[in-house]
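A short worksheet on the structure shown next.
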Amino acid sequence: MRILLIFFVPSGILDQLFPRISILSTLRVNLTNSPLLTPNLTLYSMVNGFDFSKMFGRKDPELVSKEVKQYNERRFKQMALFYGFTVATFICSKIAYRGVIKRRYVPNYYQHNHVAPPFSFYRDALSAVFHSTSLAITSLGMASTGVLWYYDISSVAEFSFKLKQALGGHDKEQELKKLPEDETVQEIQNSINSYLGDR
4 MRILLIFFVP SGILDQLFPR ISILSTLRVN LTNSPLLTPN LTLYSMVNGF DFSKMFGRKD
64 PELVSKEVKQ YNERRFKQMA LFYGFTVATF ICSKIAYRGV IKRRYVPNYY QHNHVAPPFS
124 FYRDALSAVF HSTSLAITSL GMASTGVLWY YDISSVAEFS FKLKQALGGH DKEQELKKLP
184 EDETVQEIQN SINSYLGDR
């Protein structure tokens, strides 16, 4: 990302702050008549010289390995899912709010405030089911995608593996593999292997 920057700074300060910036043109300007700016300032006009990726410590995309690119794409997909459900939740909440506001009864002058306005049971029930279902689905999706993004989970297999690892199932499985086998179990296993080997 390269942009054009033209600004006023005191002489020598920009070279100390950003030594990697290539200055294409340096002009001396004596601003003696300006009450806001001090005299003897340097006008730096930089074209194709300021790189934000270097400023923020990002590497050149050509130098990044394939694994890092795949990891970045994976995290970007998780983030996109979370923010997509967040926007959907916000939209559904605004729709539900507008639906509730529309049903509000505001009496005019010389009207009773205890008289129920005309309404339809079918329409109210349908709108209530729609609003509650949309809010429940989008909020659940936002919460689940946020948790999956936090724990870096992108598939069902990864979820089952990390859940098994968190509950201690992986360690128990390794302990069971280290235990010596029973003689009867070993005989049954050998007979099954021999039967399958003959066929």
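Counting in this note's numbering, the final residue of the sequence shown is number 202, and the numbers go up one at a time with none missing. Glycine residues also receive a C-beta, built at the ideal position from the N, C-alpha and C atoms.
- Query: How many angstroms separate the CA atom of residue 195 from the CA atom of residue 188?
  - Reply: The sequence position of residue 195 within the sequence shown is 192, counting from 1. The sequence position of residue 188 within the sequence shown is 185, counting from 1. Pairing residue 195 with residue 188, the inter-Cα distance amounts to about 11 Å.
- Beta-carbon separation of residue 152 and residue 73 under 8 Å? Along the sequence shown, read from residue 1 onward, the residue named residue 152 stands at position 149. Along the sequence shown, read from residue 1 onward, the residue named residue 73 stands at position 70. With respect to the 8 Å criterion, residue 152 and residue 73 are not classified as neighbours on the basis of their beta carbons.
- Query: From what residue to what residue does the alpha helix (DSSP H) around residue 75 run?
  - Reply: Translated into the one-based positions of the sequence shown, residue 75 becomes position 72. Per DSSP, residue 75 belongs to the alpha helix (DSSP H) from 69-105.
- Are the Cβ atoms of residue 167 and residue 173 separated by less than 8 Å? One-based indexing of the sequence shown puts residue 167 at position 164. One-based indexing of the sequence shown puts residue 173 at position 170. In contact: residue 167 and residue 173 (Cβ atoms closer than 8 Å).
- Message: Assuming residue 171 is part of the alpha helix (DSSP H), what are its boundary residues?
- Response: What you label residue 171 is simply residue 168 of the sequence shown in a count that begins at 1. Segment: none, residue 171 is in no alpha helix (DSSP H) and carries neither H nor E.
- Can we say the stretch 84-94 touches the stretch 136-145, given the rule of at least three CB pairs closer than 8 Å? Pairwise C-beta distances place the stretch 84-94 in contact with the stretch 136-145, as three or more of them are shorter than 8 Å.
- Considering only the beta carbon of each residue, do residue 144 and residue 88 sit closer than 8 Å? Sequence index remark: in the sequence shown, residue 144 carries index 141 (1-based). Sequence index remark: in the sequence shown, residue 88 carries index 85 (1-based). Yes, the Cβ-Cβ distance between residue 144 and residue 88 is below 8 Å.
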